[in-house]
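Trainee: Shown below is the structure under consideration.
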Amino acid sequence: MNVVDPFRNNLLTRHEVGKRLKAQGKLVVGWSCTSTPEEIIHSMNAVPVMVFGNLENTKLADVHLPVNSCSFARSGFNSVLKGDYDYLDGFVTSRSCDNRNKIFDMWKHYSEIPFIEFINTPHTRTEGAYDFFFNEILRFKSSLEKAFGETISTSGLKKSVHVYNRNRLLLKKVYELRKREPPLISGAEALEIMLSSMIMSKEDHNGLLESLIEEAPKRVDPPKSGVRLLISGSVLDNPELLRIAEIAGGNIVIDDLCTGSRYFWDPVDSDSDPWHAVAERYLRKISSFSMIENEERFKHTIEMTKQFDVEAVLIFTLKHCDTHLFDAPQLINELKNLGLPALHLEWEHSQRGLAQLKTRIEAFIEMVSGVG
Amino acid sequence: MKKSYEFAHKTKRAKKPVAWVASTFPVEILYAMNITPVWPENYASLCAARHVSVKLCEIAERKGFSRDICSYARCVIGSLYEEKERLPEGGLPKPDFLVASTGACVTHFKWFQFVSHHFKVPLFLLDAPYNISVGESEHLENHHITTYISQLEELTDFLEKQTGEKLDRKQLHETIVLSDRTSQLWEEIQNYRKNTPAPMGARDAFSTVFYMLSAPSTQEAIDFYEKLRDEVATRAEKKFGITQSEKFRLVWDNLPLWFDLRFFEYLNNLGAVVVAETFSHVWIGRLDPSRPYESLARKYLTNFANCSIDRKVALIQNLVKEFKADGVILPANWSCRMMSIGETIVKEEIYRKLGIPCLILDVDSTDNRNYNESLVKRNVEVFLQVLSEKNCES
Ligand code: SF4
Ligand code: SF4
Chain C
13 MNVVDPFRNN
23 LLTRHEVGKR
33 LKAQGKLVVG
43 WSCTSTPEEI
53 IHSMNAVPVM
63 VFGNLENTKL
73 ADVHLPVNSC
83 SFARSGFNSV
93 LKGDYDYLDG
103 FVTSRSCDNR
113 NKIFDMWKHY
123 SEIPFIEFIN
133 TPHTRTEGAY
143 DFFFNEILRF
153 KSSLEKAFGE
163 TISTSGLKKS
173 VHVYNRNRLL
183 LKKVYELRKR
193 EPPLISGAEA
203 LEIMLSSMIM
213 SKEDHNGLLE
223 SLIEEAPKRV
233 DPPKSGVRLL
243 ISGSVLDNPE
253 LLRIAEIAGG
263 NIVIDDLCTG
273 SRYFWDPVDS
283 DSDPWHAVAE
293 RYLRKISSFS
303 MIENEERFKH
313 TIEMTKQFDV
323 EAVLIFTLKH
333 CDTHLFDAPQ
343 LINELKNLGL
353 PALHLEWEHS
363 QRGLAQLKTR
373 IEAFIEMVSG
383 VG
Chain Y
66 MKKSYEFAHK
76 TKRAKKPVAW
86 VASTFPVEIL
96 YAMNITPVWP
106 ENYASLCAAR
116 HVSVKLCEIA
126 ERKGFSRDIC
136 SYARCVIGSL
146 YEEKERLPEG
156 GLPKPDFLVA
166 STGACVTHFK
176 WFQFVSHHFK
186 VPLFLLDAPY
196 NISVGESEHL
206 ENHHITTYIS
216 QLEELTDFLE
226 KQTGEKLDRK
236 QLHETIVLSD
246 RTSQLWEEIQ
256 NYRKNTPAPM
266 GARDAFSTVF
276 YMLSAPSTQE
286 AIDFYEKLRD
296 EVATRAEKKF
306 GITQSEKFRL
316 VWDNLPLWFD
326 LRFFEYLNNL
336 GAVVVAETFS
346 HVWIGRLDPS
356 RPYESLARKY
366 LTNFANCSID
376 RKVALIQNLV
386 KEFKADGVIL
396 PANWSCRMMS
406 IGETIVKEEI
416 YRKLGIPCLI
426 LDVDSTDNRN
436 YNESLVKRNV
446 EVFLQVLSEK
456 NCES
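Residue numbers (the numbering used here), protein chains in the order written: chain C, 13 to 384; chain Y, 66 to 459.
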């Protein structure tokens, strides 16, 4: 057995995992944006899970969504229409991009999920934005309490913060293993570990991470040396893309993804009042594309390239993901100024979309290794 | 419109402040501080009308901007890299600073973020909370209003710092009064279109609504609209229709095809007249000069671009009833999520509630590479056929 298998198995059977949790008496609440304050959901004895799609066609969603909408969000919505997510007790989305805002309407009109909530996440970090967001956090809490007849206590929230921070700390340790040359964990494996964290109970995931961290140094099948790559983009819910790059001779050693470092890098301050600490963390975590402070986001990406000894960068933007598409040219320029080659790929979230990118990824890696 | 670009260039040469503004931004405050606003969106539509927008979009694409992002944005970004002499109206004057709001789309601020980086000038973002309660302005959530107001105060500080001048509250008061008056006049003009035959069509509406968006608080707007109102009133009285034989009355959503405004004439020739555009109605809203910031907050937060789709459904429902429309055209703007996602809901809801058919058209307002003219026209003709059969039945 490979050290990553338990994570992969959970990921591959994520709907069964969800249903099992429900059978154990837990509420299962879906979310779609990494600025969702999961700890609050967790502290009412619920398991927050990220809603992904899959690489199949999206025939059901295509009836309602125009072809020019985000293919990732479309895929998730398609799964909902198909009934894959029938076990969800609720769904929470946030204001991150135009696609999300409008697709929220789709969920409201066409899904059967009983509780659907929208968090008005600000796009700035001013004091005023903080006050507003804190208010949203409290509103979100009351909305959950009302919908599920639960009480969310401060001490409960503190406990959840503890569980989540532990997960963040352990994930960082896993990322540390990628600093070595060759890395101890491949990029595709790291993504499987990340994604499984988003669909399992955090307690269970923490258990898996602990054994992984112990076992990884002894593994007999670590990745081979290859071109050290950073991958930047929005959400990546399928390791296939990374596998293509790694088979072609690359090693994805670090990421700048919503479903990667941006998800867990910053902990919640566990010493202060948890409500404020949660608001603070989710508003001021690593800047994402949807914040006005995008210079900071670029700084973070560049800092990562240094820490992880990166030789080249792959930028994967989902088709019709405006926010990332606007940032890509500037990011590429900044990387170029540092002498880092970057390949920008716009991809349609589907099996066919993957196949279309393969040759370009291979050519890029060949080019970079030729230079090196 | 030409005049407004000349004026902006002149202002720039005189070293007075020029700001780039995106729609749904409360420009009233800029006028109250004698700042000349410049509208990149309007410039993009002008470039489309002059048939240069595709060329400019392509320049932006060569700079790495995806062909799928907002064509307004691509067109304007492309113009940054083109020689001034080759641009309509000599291009946009360089901004001293930029102001944008999230009230219509997140794209506005991503686009302006890039421009701000390009020119190394500051950007003020007015972050409007998204309105999912879709209630009327008096039912907005309190923290939405307070955050908007407090940002207007921050905006005032920002503008004072940028211009070195203090906001004169009396002037703000006047600006709000003027804006309110402009809005009332525009509404009056629109109301005349309830007459059969409709005295004004979409082409005229789209070419005159400009004042509502960009200069609502100027005497010039008021003078212009007063004249227009009188003209439209006379036409209504004399029963001069936009078309001689008005067979179908339509509501038009989103934007026109800026590169082909004759499209509306083509409709007229088929006996169809657009009697109302959502775009003409979305800017209408009363302002109370005794509570300037609060009323701006209430007005802009309930603009349907900032709301869940149900608000658009309600607006169209209202327009169909009041303007006695037979059908609705929903042009889904390819590069704009805000204007394309959700049109299926509008279509279903309007049919369910009123039995009125809607037609979704796949188009783009400025990038005509995304426009299949013969297919669009064929769809329109089939749609009108359906309407006429329906009219016969009833
Ligand atoms: S991938 Fe991009 S467009 Fe899609 S939901 Fe996320 S940020 Fe929005
Ligand atoms: S066309 Fe759409 S995306 Fe572009 S600026 Fe207008 S609302 Fe925003």
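For every residue, glycine included, the Cβ atom is placed at its ideal position computed from N, Cα and C.
1) Are there 16 or more other CB atoms within 10 angstroms of the CB of residue 339 of chain C, so buried, or fewer, so exposed?
2) Across which residues does DSSP place residue 411 of chain Y in a beta bridge pair?
3) At 3 residues or longer, and completely inside the segment 142-221 of chain Y: list those beta strand (DSSP E) runs for me, N to C.
4) Could you pull the start and end residues of the alpha helix (DSSP H) that residue 444 of chain Y belongs to?
5) In three-state DSSP terms, what is residue 372 of chain Y?
6) Exposed or buried, which one is residue 384 of chain C when buried takes at least 16 other CB atoms within 10 Å?
7) Which term fits residue 237 of chain C, buried or exposed, when burial requires 16 or more other beta carbons within 10 angstroms of its beta carbon?
8) Can a CB atom of chain Y be found closer than 8 Å to the CB of residue 144 of chain C?
9) Give me the subset of the segment 289-306 of chain C whose CB atoms are less than 9 Å from a CB atom of chain Y, sorted by chain position.
10) Contact check, residue 372 of chain Y vs residue 207 of chain Y under 8 Å by CB: the rounded distance?
11) Output the distance between the C-alpha atoms of residue 202 of chain C and residue 301 of chain C, rounded to the nearest integer angstrom.
12) Going by the C-beta, is residue 336 of chain C closer than 7 Å to any heavy atom of ligand 1?
13) If the cut is a Cβ gap below 7 Å, which residues of chain Y does residue 256 of chain C touch?
14) Compare the C-alpha of residue 366 of chain Y against each of Y:147, Y:168, Y:336, Y:407 and name the closest.
15) Return the chain-ordered ranges of every beta strand (DSSP E) run that is complete within the segment 119-164 of chain C and spans a minimum of 3 residues.
16) Once you ignore the five residues that flank residue 372 of chain C on each side, which residues in its own chain have a CB closer than 8 Å to its CB?
17) Could you tell me whether any non-hydrogen atom of ligand 2 is closer than 7 Å to the CB of residue 137 of chain Y?
18) What do you reckon, are the CB atoms on residue 270 of chain C and residue 244 of chain C nearer than 8 Å?
19) Using a Cβ-Cβ cut-off of 6 Å (strictly less than) and excluding sequence neighbours within five positions of residue 195 of chain C, which residues of its own chain qualify?
20) Ignore the nearest five residues each way along the sequence and tell me which others in residue 100 of chain Y's own chain have a CB closer than 6 Å to its CB.
21) Any heavy atom of ligand 1 closer than 7 Å to the beta-carbon of residue 39 of chain C?
22) In whole angstroms, what is the alpha-carbon distance linking residue 115 of chain C and residue 406 of chain Y?
23) Where does residue 384 of chain C fall in DSSP's three states?
24) May I have the straight-line CA-CA distance separating residue 222 of chain C from residue 54 of chain C, to the nearest angstrom?
25) Taking Cβ to Cβ, would you say residue 45 of chain C is nearer than 8 Å to residue 171 of chain Y?
26) Between residue 374 of chain Y and chain C, is any beta-carbon pair separated by less than 8 Å?
27) In the structure shown, what three-state DSSP assignment does residue 367 of chain C receive?
28) Closer than 9 Å, Cβ to Cβ, to anything on chain C: give me those residues from the segment 403-415 of chain Y, in chain order.
29) Can you check the segment 242-325 of chain C for any beta strand (DSSP E) of at least 3 residues that lies completely inside it and give the ranges in chain order?
30) Measuring CA to CA, which of C:363, C:214, C:147, C:226 is closest to residue 179 of chain C?
31) Inspect the CB distances between the segment 436-454 of chain Y and the segment 344-351 of chain Y and report whether three or more fall short of 8 Å.
32) State the start and end residues of the unbroken alpha helix (DSSP H) segment that holds residue 94 of chain Y.
33) Step through the CB atoms of chain C and report whether any lies within less than 8 Å of the CB of residue 317 of chain Y.
34) Beta-carbon within less than 7 Å of residue 440 of chain Y's beta-carbon, same chain only, minus the 5 sequence neighbours each way: which residues are those?
35) If you follow the beta strand (DSSP E) that residue 317 of chain Y is in, where does it begin and where does it stop?
36) How is the beta strand (DSSP E) around residue 394 of chain Y delimited, first residue to last?
Mentor: Straight from the coordinates:
1) Along the first sequence, one-based indexing puts residue 339 of chain C at 327. Flag for residue 339 of chain C reads buried.
2) The count along the second sequence starts at 1 and reaches residue 411 of chain Y at position 346. BP columns for residue 411 of chain Y are empty, so no partner.
3) Runs of the beta strand (DSSP E) inside the segment 142-221 of chain Y: 162-166, 188-191.
4) As a first step, residue 444 of chain Y must be located in the second sequence, where it is residue number 379. Its alpha helix (DSSP H) spans residues 438-458.
5) The residue you call residue 372 of chain Y lines up with position 307 of the second sequence. Strand, per DSSP.
6) Mapped onto the first sequence, residue 384 of chain C falls at position 372. Annotation note: pLDDT 47 at residue 384 of chain C (below 50); position unreliable, no value reported.
7) Here residue 237 of chain C refers to the residue found at position 225 of the first sequence. Result: exposed.
8) As a position in the first sequence, residue 144 of chain C is number 132, starting the count at 1. So, interface residue.
9) From the segment 289-306 of chain C, only 301, 302, 304, 306 have a Cβ closer than 9 Å to chain Y.
10) Locating residue 372 of chain Y in the second sequence gives position 307, counting from the first residue. Locating residue 207 of chain Y in the second sequence gives position 142, counting from the first residue. Not a contact, Cβ separation roughly 17 Å.
11) For the purposes of this step, residue 202 of chain C is identified with residue 190 of the first sequence, where counting begins at 1. For the purposes of this step, residue 301 of chain C is identified with residue 289 of the first sequence, where counting begins at 1. Their backbone Cα atoms lie some 22 Å apart in a straight line.
12) Translated into positions along the first sequence, residue 336 of chain C becomes position 324. For ligand 1, at least one heavy atom lies less than 7 Å from the Cβ of residue 336 of chain C.
13) Residue 256 of chain C sits at position 244 when you count from the first residue of the first sequence. Residue 256 of chain C does not reach chain Y, its nearest Cβ partner there being about 21 Å away, counting only Cβ pairs nearer than 7 Å.
14) Residue mapping note: residue 366 of chain Y aligns to position 301 of the second sequence, counting from 1. Considering only alpha carbons, the answer is Y:168.
15) Within the segment 119-164 of chain C, the beta strand (DSSP E) runs of at least 3 residues that lie entirely inside it are, in chain order, 127-131.
16) Here residue 372 of chain C refers to the residue found at position 360 of the first sequence. Cβ within range, chain order: 355, 357.
17) Residue 137 of chain Y sits at position 72 when you count from the first residue of the second sequence. Indeed, a heavy atom of ligand 2 lies less than 7 Å from the Cβ.
18) Counting from 1 along the first sequence, the entry for residue 270 of chain C is found at position 258. Counting from 1 along the first sequence, the entry for residue 244 of chain C is found at position 232. The answer is no: Cβ separation not under 8 Å.
19) On the first sequence, residue 195 of chain C is found 183 positions in, with the first residue counted as 1. So the qualifying residues of the chain are 235, 263, 265.
20) Here residue 100 of chain Y corresponds to residue number 35 of the second sequence, with the count starting at 1. Correct list, in chain order: 82, 84.
21) Counting from one through the first sequence, the residue named residue 39 of chain C turns up at place 27. Outside the cutoff, so no.
22) Position 103 of the first sequence, counting from 1, holds the residue named residue 115 of chain C. Position 341 of the second sequence, counting from 1, holds the residue named residue 406 of chain Y. Looking at the backbone, the Cα of residue 115 of chain C and that of residue 406 of chain Y are separated by about 7 Å.
23) Translated into positions along the first sequence, residue 384 of chain C becomes position 372. Reliability fails at residue 384 of chain C, whose pLDDT of 47 lies under 50, so the model's placement of it is uncertain and the value that follows must be treated cautiously. In the structure shown, residue 384 of chain C sits in coil (DSSP, three-state: anything other than H, G, I, E or B).
24) The residue you call residue 222 of chain C lines up with position 210 of the first sequence. The residue you call residue 54 of chain C lines up with position 42 of the first sequence. If you take the alpha carbons of residue 222 of chain C and residue 54 of chain C, they lie about 21 Å apart.
25) Counting from one through the first sequence, the residue named residue 45 of chain C turns up at place 33. Counting from one through the second sequence, the residue named residue 171 of chain Y turns up at place 106. Cβ distance not < 8 Å, so residue 45 of chain C and residue 171 of chain Y don't count as in contact.
26) For the purposes of this step, residue 374 of chain Y is taken as residue 309 along the second sequence, with counting starting at 1. True, the Cβ-Cβ gap to chain C drops below 8 Å.
27) Reading the first sequence from its first residue, position 355 is the one you call residue 367 of chain C. Here residue 367 of chain C sits in helix by DSSP.
28) Flagged, chain order: 403, 405, 406, 407, 408, 409, 410, 413, 414.
29) Within the segment 242-325 of chain C, the runs of beta strand (DSSP E) that reach at least 3 residues and sit entirely inside it are, in chain order, 262-268.
30) The sequence position of residue 179 of chain C within the first sequence is 167, counting from 1. When each option's Cα is compared against that of residue 179 of chain C, the closest is C:214.
31) With the cut-off at 8 Å, the segment 436-454 of chain Y and the segment 344-351 of chain Y do not touch.
32) The residue labelled residue 94 of chain Y in the question sits at position 29 within the second sequence. Looking at the DSSP string, the run of the alpha helix (DSSP H) that includes residue 94 of chain Y is 93-97.
33) In the second sequence, counting from the first residue as 1, residue 317 of chain Y sits at position 252. Using a CB distance cut-off of 8 Å, residue 317 of chain Y does not count as an interface residue toward chain C.
34) The sequence position of residue 440 of chain Y within the second sequence is 375, counting from 1. If the five residues before and after residue 440 of chain Y are omitted, its C-beta is found closer than 7 Å to no C-beta atom of its own chain.
35) For the purposes of this step, residue 317 of chain Y is taken as residue 252 along the second sequence, with counting starting at 1. Boundaries of the beta strand (DSSP E) harbouring residue 317 of chain Y: 313-317, taken from the DSSP string.
36) One-based indexing of the second sequence puts residue 394 of chain Y at position 329. Where residue 394 of chain Y is concerned, the enclosing beta strand (DSSP E) stretches over 392-398.
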